[in-house]
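Q: Pasting a structure here, questions to come.
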Amino acid sequence: MLARTALRSVASTSRASAFSTSAARLTRVAVLGAGGGIGQPLSLLLKSDALVSSLSLYDIRGAPGVAADVSHIDTASEVNGYAADKIDEALEGAQVVVIPAGVPRKPGMTRDDLFNTNASIVRDLAASIGRVAPTAHILVISNPVNSTVPIVARTLEKAGVFDPKRVFGVTTLDVVRAARFTAGIAGVKPEQTPVTVVGGHSGATIVPLLSQNEHGKAISGDVYEKLVHRIQFGGDEVVKAKDGAGSATLSMAYAGAKFTNALLRGLNGEQGVITPTFVRSPLFEDKGVDFFSSLVELGPEGVQKILPLGQLSAEEQKLLDACLPELKKNIEKGLAFVA
Ligand code: NAI
1 MLARTALRSV ASTSRASAFS TSAARLTRVA VLGAGGGIGQ PLSLLLKSDA LVSSLSLYDI
61 RGAPGVAADV SHIDTASEVN GYAADKIDEA LEGAQVVVIP AGVPRKPGMT RDDLFNTNAS
121 IVRDLAASIG RVAPTAHILV ISNPVNSTVP IVARTLEKAG VFDPKRVFGV TTLDVVRAAR
181 FTAGIAGVKP EQTPVTVVGG HSGATIVPLL SQNEHGKAIS GDVYEKLVHR IQFGGDEVVK
241 AKDGAGSATL SMAYAGAKFT NALLRGLNGE QGVITPTFVR SPLFEDKGVD FFSSLVELGP
301 EGVQKILPLG QLSAEEQKLL DACLPELKKN IEKGLAFVA
């Protein structure tokens, strides 16, 4: 019961109508990197999600232990853990694959500093997915997301199985932070301050569209500047506070479970599931930016519709102008890595 309650709150940002889980199709979800700081609590939250029928936990370290632990939770889904040499078994039949595998930041590091280590981890995992579960929906958490998503896309493309409707960068933590921080300033509940965050997932590429929310629109001047900076660099607060022990894990697990649940609801045919996510996008193709996060409607095949940005304030236009060239560089770096 507790687990169900937790799930409902994870699902609560949906603009969708009521949904009956009895009509849900059964979904096998794999987590690659399940033994890590994000992977463990993410696996816990996915075990609580009634839309997940089977959970497949893989890591080069510790996944069978996490699986044994999580499997005792009294929800219906079955859980299996897979050690380093069992990637094929872990991916067999997976319809959704969530990837939090890789190293996190330490104080003073940018997400791009993780590129050298994480790029090859993500590329190799994407190659396995392309081989074993070519029609799976892939949710990339591993940083730098601005580059790792293009790496996944290009790797699948090389294998002849890339479908832009099925590859997502998880930017939900930026959205979660934006709602929380804006609510704190406005003195209202976070449900009243949903903020669409567009662009990418690092520093200046994170563009919160505060003007599109009535409470966000009312924030100006110095307070506005500080809020934007906090949304863009909120991850640094956690890295600093953890003092060398990693980056956001618990809030990221929450955000990852929230996005996974949104995708599962879309796959199950729920109407009106709309959330920002980083996908292959036509919005700024003319500027050479082939991947972009914006509001996306999720449907039975994954990406159903990429929505336009809507009205931007002068400040937001400036943020977007600063985002695009940096994002372009990050994307090109990812694509070049696979090429
Ligand atoms: P962690 O170090 O605690 O866990 C990473 C896990 O990945 C470890 O258990 C490790 O054994 C595993 N791993 C490494 N290579 C692997 C491989 N080839 N196959 C399977 N598993 C492998 O790190 P944490 O804190 O969980 O972060 C994971 C990633 O998520 C980092 O890249 C981090 O930067 C990123 N992240 C992304 C966020 C986002 O908003 N998208 C927010 C916070 C972190």
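1 is the number of the first residue of the sequence shown in the UniProt record's numbering; add one for each residue after it. Using N, Cα and C, we set each Cβ at its ideal position, and we do this for glycine too.
If you draw a straight line from the C-alpha of Ile73 to the C-alpha of Leu44, how long is it?
A: Here residue 73 is taken as the residue at index 73 of the sequence shown, counted from 1. Here residue 44 is taken as the residue at index 44 of the sequence shown, counted from 1. C-alpha separation (whole angstroms): 9 Å.
Q: Whose CA, out of Ala314, Leu125, Ile231, Met109, lies closest to the CA of Ala84?
A: Residue numbering aside, residue 84 sits at position 84 when the sequence shown is read from its first letter. Residue Leu125 is the option with its Cα nearest to Ala84.
Q: Could you give the distance in angstroms between the alpha-carbon of Ala253 and the alpha-carbon of Thr260?
A: Looking up residue 253 in the sequence shown gives position 253. Looking up residue 260 in the sequence shown gives position 260. Cα-Cα distance, rounded: 10 Å.
Q: Is Gly272 helix, strand or coil when you go by DSSP?
A: Taking the first residue of the sequence shown as 1, we reach residue 272 at position 272. In this structure, Gly272 counts as coil in the three-state DSSP scheme.
Q: Tell me the residue span of the alpha helix (DSSP H) that contains Gln317.
A: If you number the sequence shown from 1, residue 317 lands on position 317. Taken as a continuous stretch (DSSP letters only), the alpha helix (DSSP H) holding Gln317 covers 314-338.
Q: So, helix, strand or coil for Gln304, using DSSP?
A: Counting from one through the sequence shown, the residue named residue 304 turns up at place 304. Strand, per DSSP.
Q: Quick one, are the C-beta atoms of Thr148 and Val167 less than 8 Å apart?
A: Reading the sequence shown from its first residue, position 148 is the one you call residue 148. Reading the sequence shown from its first residue, position 167 is the one you call residue 167. No, the pair does not count as a contact, with Cβ atoms beyond the cut-off.
Q: Evaluate the contact criterion for the stretch 318-335 versus the stretch 197-211: three or more CB pairs, one atom per stretch, below 8 Å.
A: These segments touch.
Q: Check this for me: beta carbons of Thr196 and Pro276, under 8 Å apart or not?
A: Here the question's residue 196 lines up with position 196 in the sequence shown. Here the question's residue 276 lines up with position 276 in the sequence shown. In this structure, Pro276 lies closer than 8 Å to Thr196 by Cβ.
Q: Pull up the DSSP beta-bridge partners for Ile99, would you.
A: Within the sequence shown, numbered from 1, the residue matching residue 99 stands at position 99. DSSP, once it has assigned bridges, lists Val140 as partnering Ile99.
Q: Quick check: does the Cβ of Ser56 come within less than 7 Å of any heavy atom belonging to the ligand NAI?
A: Numbered from its first residue, the sequence shown carries residue 56 at position 56. No, since every heavy atom of the ligand NAI falls outside the 7 Å radius drawn around the Cβ of Ser56.
Q: Does the stretch 241-252 touch the stretch 169-186, meaning 3 or more C-beta pairs lie closer than 8 Å?
A: Yes: at least three Cβ pairs fall under 8 Å.
Q: Where does Glu237 land, buried or exposed, given buried means 16+ other C-beta within 10 angstroms?
A: Taking the first residue of the sequence shown as 1, we reach residue 237 at position 237. Looking at its Cβ environment, which holds fewer than 16 other Cβ atoms inside 10 Å, Glu237 is exposed.
Q: If we count the other Cβ atoms within 10 Å of its Cβ and call it buried at 16 or more, is Ala226 buried or exposed?
A: Residue numbering aside, residue 226 sits at position 226 when the sequence shown is read from its first letter. According to the sequence displayed, residue 226 carries Lys and not Ala. By the 10 Å Cβ count, Lys226 comes out exposed.
Q: Is Val286 close to the ligand NAI? I mean its beta-carbon at under 7 Å from any heavy atom of the ligand.
A: To locate residue 286, count along the sequence shown from 1; it is residue 286. As written in the sequence, residue 286 is Asp, which differs from the Val given in the question. The answer is no for Asp286.
Q: Using a threshold of 8 Å, state whether the C-beta atoms of Val152 and Ile185 are closer than that.
A: Numbered from its first residue, the sequence shown carries residue 152 at position 152. Numbered from its first residue, the sequence shown carries residue 185 at position 185. Taking 8 Å as the Cβ cut-off, Val152 and Ile185 do not qualify as a contacting pair.
Q: Return helix, strand or coil for Asp290, following the three-state DSSP convention.
A: By one-based count along the sequence shown, residue 290 stands at place 290. Here Asp290 sits in strand by DSSP.
Q: State yes or no: is the C-beta of Ile38 within less than 8 Å of the C-beta of Pro100?
A: Residue numbering aside, residue 38 sits at position 38 when the sequence shown is read from its first letter. Residue numbering aside, residue 100 sits at position 100 when the sequence shown is read from its first letter. Yes. Within cutoff.
Q: Going by C-alpha distance, which of Tyr58, Ser128, Ala67, Arg105 is nearest Asn118?
A: In the sequence shown, the residue the question calls residue 118 occupies position 118. That would be Arg105, whose Cα lies nearest to the Cα of Asn118.
Q: Can you list, in chain order, the residues of its chain with a C-beta nearer than 6 Å to that of Leu32? Leave out the 5 residues immediately preceding and following it.
A: Mapped onto the sequence shown, residue 32 falls at position 32. Taken in chain order, the residues that qualify are Tyr58, Ile99, Ala101, Leu125.
Q: Is Ile60 near the ligand NAI, judged by its Cβ being under 7 Å from some heavy atom?
A: Residue 60 sits at position 60 when you count from the first residue of the sequence shown. Yes, since a heavy atom of the ligand NAI falls inside the 7 Å radius drawn around the Cβ of Ile60.
Q: With DSSP collapsed to three states, give me the class of Val175.
A: Reading the sequence shown from its first residue, position 175 is the one you call residue 175. Helix, per DSSP.
Q: Which residues does DSSP pair with Pro208 in a beta bridge?
A: Walking along the sequence shown from the start, residue 208 turns up at place 208. Looking at the DSSP assignment, Pro208 forms a beta bridge with Val197.
Q: To which residues of the same chain is Val79 closer than 7 Å at the C-beta, ignoring the five residues directly before and after it?
A: By one-based count along the sequence shown, residue 79 stands at place 79. Excluding sequence neighbours, Val79 sits near Lys47, Leu55, Leu57, Ala67, Val70, Ser71.
Q: According to DSSP, is Ala255 part of a helix, a strand, or is it coil?
A: Position 255 of the sequence shown, counted from the first residue, corresponds to residue 255. Helix.
Q: For Thr260, which of helix, strand or coil comes out of DSSP?
A: In the sequence shown, the residue the question calls residue 260 occupies position 260. If DSSP states are grouped into helix, strand and coil, Thr260 belongs with the helices.
Q: Taking all protein chains shown into account, decide if Arg131 is buried (16 or more other Cβ within 10 angstroms of its Cβ) or exposed.
A: Along the sequence shown, read from residue 1 onward, the residue named residue 131 stands at position 131. Result: exposed.
Q: Should Val198 be listed as close to the ligand NAI, given that the test is whether its C-beta is under 7 Å from any heavy atom?
A: Mapped onto the sequence shown, residue 198 falls at position 198. Flag unset: Cβ of Val198 not near the ligand NAI.
Q: Under the criterion of a Cβ to heavy atom distance below 7 Å, does Arg25 qualify as lining the ligand NAI?
A: Within the sequence shown, numbered from 1, the residue matching residue 25 stands at position 25. Incorrect: Arg25 has no Cβ contact closer than 7 Å to the ligand NAI.
Q: Cutting at 8 Å between CB atoms, please list the residues of its own chain near Lys305, excluding the five before and the five after it.
A: Here the question's residue 305 lines up with position 305 in the sequence shown. For Lys305, where only same-chain residues beyond five positions count, the Cβ hits under 8 Å are Val296, Glu297, Gly299.
Q: In chain order, what residues of the same chain have a beta carbon less than 7 Å from the beta carbon of Ser294, not counting five sequence neighbours either side?
A: Taking the sequence shown and counting its residues from 1, the one referred to as residue 294 is at position 294. Val198, Pro276, Ser281, Leu283, Ile306, Leu307, Leu309, listed in sequence order.
Q: Measure the C-alpha to C-alpha separation of Ala76 and Val176 and round it to an integer number of angstroms.
A: Translated into the one-based positions of the sequence shown, residue 76 becomes position 76. Translated into the one-based positions of the sequence shown, residue 176 becomes position 176. If I take the Cα positions, the gap works out to 28 Å.
Q: Contact check, Leu173 vs Pro144 under 8 Å by CB: the rounded distance?
A: By 1-based counting over the sequence shown, the position of residue 173 is 173. By 1-based counting over the sequence shown, the position of residue 144 is 144. Not confirmed; about 14 Å, so no contact.
Q: For a minimum of 4 consecutive residues, which ranges assigned as the alpha helix (DSSP H) are wholly contained in the UniProt domain "Lactate/malate dehydrogenase N-terminal" (27-169)?
A: Runs found: 39-47, 63-70, 87-91, 115-132, 145-158.
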